[in-house]
């Protein structure tokens, strides 16, 4: 029978050996947090290595993702499908053990972490999802959603601003099933943090409304065990367990120093560490008794089996709810979804209204939410402007858990990373809004959503200089172009209510990555279309207005500039085709034959979009766009000042003919 220290030392040995073999990595955090991880995973964590996707498992997030060998060691030792060969292949091409934990590559990894502060923020999202899903589905005597979210975080996570955004909201919402462990080792890459990080962190979290357990010996199993029991006894607040640890614990010459944070220990120090810890086994050799002490397969099977008994009883008592719960957790859309969406798109086309696309977006939400109870909307303090609420929305608060709308406050980055966590948990399709300009604050969370290929919907309104009087600080110019550059990201900039309805449908149906929906502040004209043209909207780019025979020229436009392109085509008196391209990525995913029918090669083309121009030159000979920041003035004056006029588009077409 192995001692707890032997079990923890297995993590230390695997971590230092894998980093040494890879010649890169971060051994310090895994070695310092090994004792905390051993207690949590062996005494508390509810999981089943044979089924990493079991709905009611506890979620574990390594926010300080640079310590990834801690995660991989835990998964390997406890029985996940992560063989020793993968640990020996740490940080190598196509391995299941990349430098930072990556969702979708390694069984048991709940989210991609590494950009500090985002992991704990994902964990906040998971805890919100657990609490909300429980309130929506649990019934008296039938608690089918009942699990914890645990997260490890380091000093770097604490310093990153996003941790302030998300942890403050977690306290406000009273997320009693969120338990965070702070690895308080006082070290970051630059050295001892007391030269630049002197917050009273415990007091800060108490001010957020967290339960805080101070000064826990992070190398004492008894102290850690006692702290977790205390944390689980507090139901109305998240808990921060402040663990005093030594980075690189066990390394006799490098422990407690930044020298072991992000570099291999070296052969001599590893040899000395083995002697210091009493670990007598060769690199990547784990004795059977240690494996036996870690193996969680039997316990996990029992835990999932117990849950299945509870779920069977739930199915008998609430059969319709059980079916709905499984549908949502699988990420499947309702059986009537396609019919609902098609009917709404037709209704929108028949209405021929001319609202701002942000208003059209709200109508889309209103229509689709009736079929999608999994919608979990929100806004970063701009609900009346983003128009992300609907008649059936119900705000989540500290006392209202069964809602479907989150007022995130002025926390664009936090909102976006929390949404990532909600999606990863399962059971919801989150969307959150802000002004397009402030996508900049959230950019890395958008990138993480795209990297993980998860379905999130980011709603961005006030999409151009059409914002008007608020001026250049709020007028996006480069944002649409740079968002389009993110791999796996879809971006829709619709020109009217019909394209808006199609854009929302596409975002809901995309399961392989996130979507940015870009909407106008100002009203936009309705564009008449045939049924065939409506069907082609989903292809991202299509012929909106055509001519007889081969066009003399093509005007390509998106969003608010499509109406301008149509007016210019009418005035030119030539054979002009107008192409609307609300989603460049969707268009470029079509086959070459379709793309060539829309944009035939060799025809003079002018592109019009109220943003930076460079990307459009792959399609256009001339581009009318923005080459500077905006100005503060009424929208009509701004469009005229910057050349977004019928006359200027006509002149541009004449120039390319």
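Numbering (the working numbering), first residue to last: 615 to 1271.
Where a beta carbon is used, it is the ideal one built from N, C-alpha and C, also for glycine.
Please read these numbers as outputs of a predicted model, since none were measured by experiment.
Within its own chain, the residues whose Cβ lies closer than 8 Å to the Cβ of residue 1120, once the five positions on either side in sequence are excluded, are 1104, 1106, 1129, 1152, 1197, 1200, listed in chain order.
For residue 783, no beta strand (DSSP E) encloses it; the enclosing alpha helix (DSSP H) starts and ends at 775-787.
Along the region 1058-1132, the alpha helix (DSSP H) occurs as fully enclosed runs of 4 or more residues at 1093-1098, 1111-1123, listed in sequence order. In the same chain as residue 1058, and ignoring 5 residues on each side of it, the C-beta atoms closer than 6 Å to its own belong to 729, in chain order.
Residue 1124 has its alpha-carbon roughly 21 Å from the corresponding atom of residue 1075.
If you draw a straight line from the Cα of residue 740 to the Cα of residue 869, it comes to about 34 Å.
Secondary structure of residue 898 (DSSP, three-state): coil. When secondary structure is reduced to three states using DSSP, residue 696 falls in the coil class, being assigned neither helix nor strand.
With contacts defined by Cβ atoms closer than 8 Å, residue 838 and residue 649 form a contacting pair. The continuous stretches of alpha helix (DSSP H) do not include residue 763, which lies in the beta strand (DSSP E) extending over residues 763-767. Between the beta-carbon of residue 1194 and that of residue 1156 there is about 6 Å, and that keeps the pair under the 8 Å contact cut. Contact between residue 910 and residue 692 holds: their C-beta atoms lie close to 4 Å from each other, under 8 Å. Just measuring C-alpha positions, the residue of 1237, 887, 1142 sitting nearest residue 1219 is 1237. Beta bridge pairing from DSSP links residue 948 with no other residue. Relative to the Cα of residue 1137, the nearest Cα in the group 1211, 669, 970, 793 belongs to 970.
The C-alpha of residue 1172 is placed about 21 Å away from the C-alpha of residue 1086. Between residue 1189 and residue 1165 the beta-carbon gap is near 5 Å, inside 8 Å, which marks them as a contact. Distance from the Cα of residue 958 is smallest, within the candidate group 1203, 1234, 1178, 1148, for 1148. Counted as a single uninterrupted DSSP element, the stretch harbouring residue 1151 is not any beta strand (DSSP E) but the alpha helix (DSSP H) occupying residues 1145-1151. If you look at residue 1219, you'll find it in the beta strand (DSSP E) that goes 1219-1222.
Judged by DSSP in its simplified three-state form, residue 791 adopts coil rather than helix or strand. Apart from the 5 residues on each side of it in sequence, residue 901 sits with its Cβ closer than 7 Å to the Cβ of 895 in its chain, given in chain order.
For residue 1047 against residue 993, the beta-carbon gap comes to about 4 Å, under 8 Å, which counts as contact.
Annotation: residue 658 is outside any beta strand (DSSP E) and is labelled neither H nor E by DSSP. Annotation: residue 1115 to residue 990 spans about 18 Å, alpha carbon to alpha carbon. Apart from the 5 residues on each side of it in sequence, residue 1113 sits with its Cβ closer than 6 Å to the Cβ of 1151, 1196 in its chain, given in chain order. Residue 756 is bridged by DSSP to 753.
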